[in-house]
């Protein structure tokens, strides 16, 4: 390989990736180191990135000031329920639309896609009125029940993935006497594993970082999620930046760990748009 080709195909792309990685990682690195600074170090000029001594007590103080443990538990419960709902509903809808011939399936799919255009803010007042009449305000039901009806983007993602799965697999199973549900459970779902992992990852991130929903529906502070807890902490203890940064770091850790564990399946789900592999 010539030197020019080596620079063009290896050195230059990797250098650019490293520079972009540093650019995007710097805010998180600053967040972590700020959470370990003393109050005086935070406002030092010129600012220093690495603190003179790591103040691990900031994390303990953050948990003692605000019940972040309870907020974390509330958030994880909502995330788990939403993931279960999406993994049940979205694959069923996608399978029905893509693999089972029935009158109006294309029209229904078009309507499902059209709902993606509708801004979520437009739905807030009608949904609140409905949930209020059902007596669901100040419960997690408004934040989780929608997951059991599927989501347009996830249905689209799974449908695209299913279009790449050879139909001969289902036809061979039918010839052997397998029912539609058995084909779905034993053939289709295992094939969908990378796409389902992506759905679970996106659902977790969406529910974990949701602020508007908990703000509208959760009135009791004991039922708050992490996003509401951080907002309340900032309002009550806004000047204590070291504690706020410590709480923010703790909130970011689950999403980072989830990405590292799920990135393999996330990358594999790209086959939903490039064909079955």
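Numbering (our numbering), first residue to last: 10 to 286.
For glycine and all other residues, C-beta sits at the position ideal for the given N, C-alpha and C.
- One alpha carbon belongs to residue 92, the other to residue 61, and they sit about 42 Å apart.
- Where residue 135 is concerned, the enclosing alpha helix (DSSP H) starts and stops at 129-143.
- Residue burial annotation: residue 249 is buried, with at least 16 other C-beta atoms found within 10 angstroms of its C-beta.
- Contact between residue 213 and residue 267 holds, with the beta-carbon distance rounding to 6 Å and staying under 8 Å.
- By the C-beta density criterion, residue 102 is buried, having at least 16 other C-beta atoms within 10 angstroms.
- Residue 200 places its beta carbon 8 Å or farther from that of residue 44.
- Annotation for residue 78: 72 place their beta carbon closer than 7 Å to its own, counting only its chain and skipping 5 residues before and after.
- Of all alpha-carbon atoms in 25, 145, 216 and 206, the one lying nearest the alpha-carbon of residue 156 is that of 216.
- Positions of the beta strand (DSSP E) runs, each at least 3 residues long and wholly inside the stretch 17-97, cannot be given because no such run exists.
- For residue 109, the CB contacts under 8 Å within the same chain, skipping 5 residues up- and downstream, are 189 in chain order.
- Segment contact: the stretch 161-176 against the stretch 191-207, three or more CB-CB distances shorter than 8 Å; contact assigned.
- If you draw a straight line from the Cα of residue 253 to the Cα of residue 90, it comes to about 28 Å.
- Taking the CA atoms as reference points, residue 227 sits about 6 Å from residue 233.
- Around the beta-carbon of residue 192, 16 or more other beta-carbon atoms lie within 10 Å, marking it buried.
- Here the stretch 53-69 lies against the stretch 27-42, with 3 or more beta-carbon pairs under 8 Å apart.
- Taking the C-beta atoms as reference points, residue 99 is found no nearer than 8 Å to residue 194.
- Taking the C-beta atoms as reference points, residue 27 is found no nearer than 8 Å to residue 137.
- Of the residues 235, 96, 139 and 29, the one whose Cα lies closest to the Cα of residue 221 is 235.
- Residue 166 is not a Cβ neighbour of residue 96, given a cutoff of 8 Å.
- Residue 208 sits close to residue 163, with the two beta carbons spaced by under 8 Å.
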